[in-house]
Ligand SMILES: Cc1cc2nc3c(=O)[nH]c(=O)nc-3n(C[C@H](O)[C@H](O)[C@H](O)COP(=O)(O)O)c2cc1C
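Numbering (the working numbering), first residue to last: 468 to 831.
Below is the structure:
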């Protein structure tokens, strides 16, 4: 069997992706009404990258509960109005031949913050924000102190992941991704740096992983057998050995596979501001490779993969099953079509309207 290439299709459960160059989830903080309903901005932003040849477009961290939003301007998916607005966007993504995914998220102790334009740090309840929740009352430096979640609040969050999954499927999404990375709620439970609980949700690795596995099982129950479910993990807090480690990630990835996860989207960091991160081209690829190899689960690699040759190399060498790119798709929403062109791969999904864009050496 020949090795897969960046532009060979990939099938996970009932979904076939036309290629393995995917759009990473990227918050837009653009819901001006603050009601979680995606807008024309989201349609054009996500639709443009679907038109641009991506195999999968993953919509931004979308809150499963109002208090799970990073900022008041985040998208959400807890009601029918939000579902219907997403359905329009999904329909356009599909019309361009891409699969549509959504990252279901709860921001935990990093909720209720400013988006940058208006200020920094926490948005207070007086300014229209709210008190954030977390596993413990340990704040993320510079943000509000969270309230440690009760058992009922944990159960509500797990159930909300299921409700959002149902709404996402009704909106037509092909892929559901659980956001368990970057220092948001699920990652906060995983890491001893943010979780000092003494009940069954804290302490041992099994206990810290409990809410993640409960959420995974709930989403799989709702999704049935046909829908791929991904989980984004931070492979490390970059604070080894005291923080969340790559060893922990490998163990959790195996448990997630057993609980019905189809792919681990391997990122890193985000849980503490003073992490010691070494950054360079493809810097998180070795984490994706190790998880894939040792936990026997498909992975995607993300993080400074901007060169088509590097993306192709990651897939061809079996370090990951797919590559996600974020900022390169912001610079060029047609990054996937451009990558195919630069790699000399012929694809049959140039939009008809844009086909003359491929004529480089003759009159238009
Ligand atoms: C504008 C922006 C918003 C982002 N929002 C999210 C998000 O909603 N969820 C998430 O998991 N990562 C988010 N990220 C991280 C990206 O998904 C990605 O992992 C990161 O940008 C590294 O990939 P890149 O070097 O290809 O940009 C965001 C990144 C950017 C630039």
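Think of the CB as a built atom: it goes at the ideal place given N, C-alpha and C, for glycine as much as any other residue.
Please read all numbers here as calculations on a predicted model, not as lab measurements.
Distance from the Cα of residue 570 is smallest, within the candidate group 525, 625, 808, for 525. In the three-state reduction of the DSSP assignment, residue 571 falls in the strand class. It is roughly 21 Å from the alpha-carbon of residue 560 to the alpha-carbon of residue 824.
Between the segment 548-557 and the segment 578-593 there are fewer than three inter-stretch CB-CB distances shorter than 8 Å, so the stretches are not counted as touching.
DSSP links residue 543 through a beta bridge to 530. Remark: C-beta atoms of residue 522 and residue 488 approach each other more closely than 8 Å. Rounded to whole angstroms, residue 574 and residue 715 show a C-alpha spacing of 21 Å. From the listed residues 544, 620, 781, the smallest Cα separation to residue 639 is found for 544. Below 8 Å, enough C-beta pairs join the segment 769-785 and the segment 744-756 to call them touching: three or more. In the DSSP annotation of this structure, residue 633 is not part of any beta strand (DSSP E); the continuous alpha helix (DSSP H) holding it starts and ends at 618-638. A direct Cα-to-Cα measurement between residue 729 and residue 691 gives close to 13 Å. Burial state of residue 641 is buried, judged by a 10 Å Cβ sphere holding 16 or more other Cβ atoms. Contact between the segment 562-569 and the segment 606-619 is not established, with fewer than three Cβ pairs separated by less than 8 Å. Here residue 531 is actually not in contact with residue 656; their C-beta atoms are around 15 Å apart, not less than 8 Å.
Within the segment 691-748, the complete alpha helix (DSSP H) segments of 4 residues or longer fall at 713-725, listed in chain order. At a threshold of 7 Å, residue 527 counts as near ligand 1, since its beta carbon sits closer than that to one of the ligand's heavy atoms. When DSSP states are grouped into helix, strand and coil, residue 607 belongs to the coil group.
In this structure, the straight-line span from the alpha carbon of residue 800 to that of residue 741 is close to 32 Å. Three or more beta-carbon pairs separated by less than 8 Å are not found between the segment 809-827 and the segment 498-517, which leaves the two stretches without contact.
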